[in-house]
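For the sequence shown, the UniProt record's numbering assigns the number 1 to the initial residue and increments by one for each residue that follows.
Cβ atoms here follow ideal geometry from the backbone N, Cα and C, with glycine treated the same way.
Just so you know, these numbers come straight off a predicted model, no measurement behind them.
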Amino acid sequence: VRWSHSEPGLRREGYTVQVSVNDYLDIYCPHYNTSQRGTLERAVAEQYILYMVSYRGYRTCDPKLGFKRWECNRPHAPNAPIKFSEKFQRFS
């Protein structure tokens with residue numbers, strides 16, 4: 001998934017990705033080349049955080065009921081976008 005407002009599928013509400021146990025999901029953070037740095041300041045560059053929350057945290061949209069898994073906060077990273085990989089596995 002290329003995580004960006006320019007992705008048509010991510011613009012609509014209710015977007016879902018279906019995964020199975022032992023699947024991997026690669027997430028590429030928004031990335032802007034260095035020539036855009038002057039015109040696209042950090043204040044307007046897309047930045048995202050993914051939290052792992054309990055079911056209650058999910059239902060109430062409260063990140064304080066979980067912890068930060070990853071953060072897309074380097075939109076001008078040198079060379080390429082930052083990539084995170086998540087593996088979905090049973091948790092007990």
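Could you give the distance in angstroms between the alpha-carbon of G57 and the alpha-carbon of H76?
Cα to Cα, the separation comes out at about 31 Å.
Per DSSP, Y48 is paired with what?
Among the bridge pairs identified by DSSP, Y48 is matched with C72.
Whose C-alpha, out of D26, Y51, F91, M52, is nearest the C-alpha of K83?
Among D26, Y51, F91, M52, the Cα nearest to that of K83 belongs to D26.
Residue range of the unbroken alpha helix (DSSP H) whose run includes R59
From DSSP, the alpha helix (DSSP H) with R59 extends over 55-60.
Quick one: what's got a C-beta closer than 6 Å to S85's C-beta in the same chain, skipping five residues either side?
Taking S85 as the centre and dropping the five residues before and after it, the same chain places the C-beta of Y24, D26 closer than 6 Å to its C-beta, in chain order.
As a quick exercise: from Y48, Y55, V17, pick the residue whose alpha carbon is nearest that of R74.
Distance from the Cα of R74 is smallest, within the candidate group Y48, Y55, V17, for Y48.
Candidates C61, P30, V17: closest to Y51 by CA position:
Ranking the options by Cα distance to Y51, first place goes to C61.
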